[in-house]
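Sequences listed follow chains A and B, in order. Here the first sequence stands for residues 21 to 351, where the numbers follow this note's numbering. Here the second sequence stands for residues 87 to 391, where the numbers follow this note's numbering. Glycine included, every Cβ here is placed at the ideal spot set by N, Cα and C. Note that the structure is predicted; figures quoted are calculated from it, not measured. Notes follow the structure.
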Amino acid sequence: MSTTVLNGTVPRPAVRPSSLLWLAWRQSRTALLVLAAVLLLSTAALLAVHFVASGPTAAMRAAGCYASTAWDRQSCSGLAERLHLSADLYLDVLQPFLTFLPLAIGMLLGAPLLAQEFERGTHRLVLAQSVTPGRWLAARTGLPMAAVALITGVLAVLSSWVWRTDVLHSPLLFDPPFQGFTYPALGLMPVSWSLFSFALGLAIGLWRRRTVSAILLTGLLGLVSMGVMRLLRPALYPVLSGFQPTDRVINQFMQPTNAWLVEYGGVLPDGSRTSGFCRTAAECDSVVGWWGDYHPASHLVPIQLIESAILLLLTAALLTWTFRRIGRPGN
Amino acid sequence: MNHPTDSQPAHSGPALEAVGLGLQYQGGWALRNCEFQVPLGRVCGVMGPNGSGKSTLLALGARLLAPTEGELRVLGEAGDTPELRSRVGFVAQDKPLYPTFTVAETLRLGRELNPHWDQEFAQRIVDQGELSGKTRIGSLSGGQRTRVALALALGKRPELLLLDEPMADLDPLARHQLMGTLMAEAAEHGTTIVLSSHILAELEGVIDHLLLVRSGRIVLAGDPDEILDTHLLLTGGGDLSQLADHTVLESRSTGRRTTALVRTGTPVTEGWESDRPSLENLLLGYLRSPALDTTTPSTHSKAAA
């Protein structure tokens, strides 16, 4: 079979991608099955939220329950209770779950992936086969990353759809898109944060080479990254500035519905600005109007796109570092 | 069956060739100034005390480590190419295997990741140990794991097999059986085998090439018989100063009798009884020799190689 070439090297066929995928699948099998179960359960829960909510919403609309005169009607409050039950599942359980899912992916899937190989020394088993470290790592990380992207992608689409159809347009519910657990459960956020968190865990695992410390450090740095991004977020896109003359009734700038009021304060007769609420009656009386910097709801998509671009750049940087480092002998 | 080693060997120089090889750890040098060659087709024993640098040497050969200075050419290649990986087999000292894989899955890993995999051969090694394919690696004993690790390395049909303390966990029967398999592989396919050990009995009569490592230096390299031919074990009441023309590696005095291990080209007769040392005499002499603490080890290994 084998041929000898004049220069003395025996050509050997390369390892097929399907072979590397088999190994990657075998090694990530448990984690991927758990992810699939998470996807099934969350999908079921999100669909349940939608179908449980859509019934009462339609019934209330038909019965005219949304008119303020109907608020004390027995039939309406019963329908509202059912609506709130499903909304609570989405707002209090599924949104926080989607917020912290990326962190769990980084800690439980990303961090142990290489840390465990190095802790057990099994990377030397793989490197003793006829495959380069880079190709092995590409399959080893590519398969779980593709699964993470797919699963978080499906959940992000479902979550955004439920929020838009059942929460945003429901006259009884109020859940502005920029707040705490809402923003990370919408649009691209579950996908880009999960990929970033996975790459963060992978790099920390290669750096620490100890599973437990890699998991804890990934959790900690993941939380810090979320905190830092929360602080940077208002500056990712130019804010809109507004001025409202005082009406002596409302002592604050009133942003449009679902907008994110970033900064606000009073405007004094000399044109100078104060920051925050007025604290004394004299101060409130001296104010001629209110100023506010805010992101309207329409800024949600551009801000999320910019945030995702930053996260994906960081992901690419972390992966590049990981691949370079593992390709160097002596690791 | 596809055995690349059955055809003309791809490389005709030495299987391993160290030139000024050194590797520095944070605490100091694990290996320094190593110069040696291991010819193709040999069964080479790497001997030395624990911590002397044997594992480092094998890991450098398997391209798990990169040298700090100099180079270790493997089958003629100085660098780390994918092609080289398919020609070199390596079993690390702790026999790393995936504990959740079954024996059959571990062999499948070998089949999937090695283009010239010999399933029948690997299976036979596993079957000799009466291991079921369905058994999880995590539930195997140390010796059984060694057997699977060796099956994985041998099934790859490498031209060069680097084994770090391969027999340490095995019972005498399994050791005998697997050593027989290794020797048959070397004889049939011309595979070069480099195996480390700190137990002489494991390697005596098996190896036809020797590398002796002491504190990160190669103090002896070459065919054991040829090395023994150039050494004498002298016993007598004579004065050590009579031996000024020879290199005295070690001497011990008990009362009026002195025993000395010397390296020499000429026979010593006057006042001394001269014997050919055993391999054990030689190794112990070199490992204890104070003379080697100050001399450059590379000159010894060059002379011996």
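What are the boundary residues of the alpha helix (DSSP H) that residue i is part of?
i	result
residue 279 of chain B	First-last for residue 279 of chain B: 278–283, but that is the beta strand (DSSP E), not the alpha helix (DSSP H).
residue 196 of chain B	189–199
residue 142 of chain B	140–147
residue 5 of chain A	The question about residue 5 of chain A has no answer, for chain A in this structure spans 21 to 351.
residue 164 of chain B	Taken as a continuous stretch (DSSP letters only), residue 164 of chain B belongs to no alpha helix (DSSP H), as it is neither H nor E.
residue 269 of chain A	Element bounds for residue 269 of chain A: n/a, residue is neither H nor E.
residue 104 of chain A	94–108
residue 149 of chain A	Run containing residue 149 of chain A: none; DSSP gives neither H nor E here.
residue 132 of chain A	131–140
residue 208 of chain B	205–214
Between residue i and residue j, what straight-line distance do the alpha-carbon atoms span, to the nearest angstrom?
i	j	result
residue 153 of chain B	residue 249 of chain B	19 Å
residue 336 of chain B	residue 367 of chain B	10 Å
residue 262 of chain B	residue 229 of chain B	13 Å
residue 357 of chain A	residue 175 of chain B	For residue 357 of chain A there is no data in the structure shown, the boundaries of chain A being 21 and 351.
residue 348 of chain A	residue 151 of chain B	9 Å
residue 22 of chain A	residue 221 of chain B	Reliability of the predicted coordinates at residue 22 of chain A is poor, the pLDDT of 42 falling under 50, and no value is obtained from them.
residue 160 of chain A	residue 284 of chain A	49 Å
residue 206 of chain A	residue 126 of chain A	19 Å
residue 154 of chain A	residue 195 of chain A	45 Å
residue 163 of chain A	residue 339 of chain A	14 Å
residue 361 of chain B	residue 320 of chain B	6 Å
residue 295 of chain A	residue 282 of chain A	11 Å
residue 262 of chain A	residue 280 of chain A	13 Å
residue 38 of chain A	residue 113 of chain B	43 Å
residue 239 of chain B	residue 374 of chain B	35 Å
residue 294 of chain B	residue 278 of chain B	11 Å
residue 214 of chain A	residue 314 of chain A	28 Å
residue 349 of chain B	residue 100 of chain B	26 Å
residue 345 of chain A	residue 158 of chain B	21 Å
residue 378 of chain B	residue 135 of chain B	15 Å
residue 193 of chain A	residue 239 of chain A	33 Å
residue 94 of chain B	residue 223 of chain A	At residue 94 of chain B, the pLDDT of 45 sits below 50, so the modelled position is not reliable; the number obtained from the coordinates is stated separately. C-alpha separation (whole angstroms): 44 Å.
residue 332 of chain A	residue 185 of chain B	34 Å
residue 306 of chain B	residue 160 of chain B	20 Å
residue 276 of chain B	residue 292 of chain B	15 Å
residue 62 of chain B	residue 152 of chain A	With chain B represented from 87 up to 391, any question about residue 62 of chain B goes unanswered, as that position is not in the structure.
residue 242 of chain B	residue 308 of chain B	28 Å
residue 49 of chain A	residue 123 of chain A	20 Å
residue 344 of chain B	residue 287 of chain B	27 Å
residue 382 of chain B	residue 300 of chain B	Model confidence at residue 382 of chain B stands at a pLDDT of 42, short of 50, so the residue's coordinates are unreliable and nothing is read from them.
residue 144 of chain B	residue 257 of chain B	24 Å
residue 97 of chain A	residue 76 of chain A	10 Å
residue 83 of chain A	residue 188 of chain A	20 Å
residue 179 of chain A	residue 121 of chain A	13 Å
residue 73 of chain A	residue 317 of chain A	23 Å
I'd like the span of the beta strand (DSSP E) that includes residue i, first residue to last.
i	result
residue 295 of chain B	295–300
residue 372 of chain B	Counting along the chain, residue 372 of chain B falls outside any beta strand (DSSP E), though it belongs to the alpha helix (DSSP H) covering 365–374.
residue 124 of chain B	114–124
residue 48 of chain A	Counting along the chain, residue 48 of chain A falls outside any beta strand (DSSP E), though it belongs to the alpha helix (DSSP H) covering 37–82.
residue 361 of chain B	359–361
residue 392 of chain B	With chain B running from 87 to 391 in the structure shown, residue 392 of chain B is simply not present.
residue 155 of chain B	155–160
What is the C-beta distance between residue i and residue j, in whole angstroms, given that I count them as a contact (C-beta under 8 Å)?
i	j	result
residue 226 of chain A	residue 342 of chain A	5 Å
residue 117 of chain B	residue 108 of chain B	6 Å
residue 176 of chain A	residue 208 of chain A	7 Å
residue 141 of chain A	residue 255 of chain B	At roughly 15 Å, the Cβ-Cβ gap does not stay under 8 Å, so residue 141 of chain A and residue 255 of chain B are not in contact.
residue 208 of chain B	residue 237 of chain B	4 Å
residue 199 of chain B	residue 275 of chain A	With a Cβ gap of about 59 Å, residue 199 of chain B and residue 275 of chain A do not count as contacting.
residue 120 of chain B	residue 304 of chain B	5 Å
residue 281 of chain B	residue 132 of chain B	7 Å
residue 309 of chain A	residue 266 of chain A	5 Å
residue 335 of chain A	residue 174 of chain A	That pair is no contact at about 19 Å.
DSSP has residue i in a bridge; who is on the other side?
i	result
residue 285 of chain A	A:311
residue 130 of chain B	B:280, B:295
residue 232 of chain B	Answer by DSSP bridge pairing: none, since residue 232 of chain B is not bridged.
residue 280 of chain A	A:315
residue 110 of chain B	B:115
residue 343 of chain B	B:340
residue 247 of chain B	B:175, B:279
residue 102 of chain B	B:124, B:160
residue 293 of chain A	A:287
For the segment 177–264 of chain A, which segments carrying the beta strand (DSSP E) assignment without a break, of at least 3 residues, lie completely within its bounds, in sequence order?
none
Write down every uninterrupted run of the alpha helix (DSSP H) in the segment 302–351 of chain A whose length is 4 residues or greater and which is fully enclosed by it, in chain order.
320–347
Whole runs of the alpha helix (DSSP H) within the segment 302–336 of chain B, excluding any shorter than 4 residues
310–315
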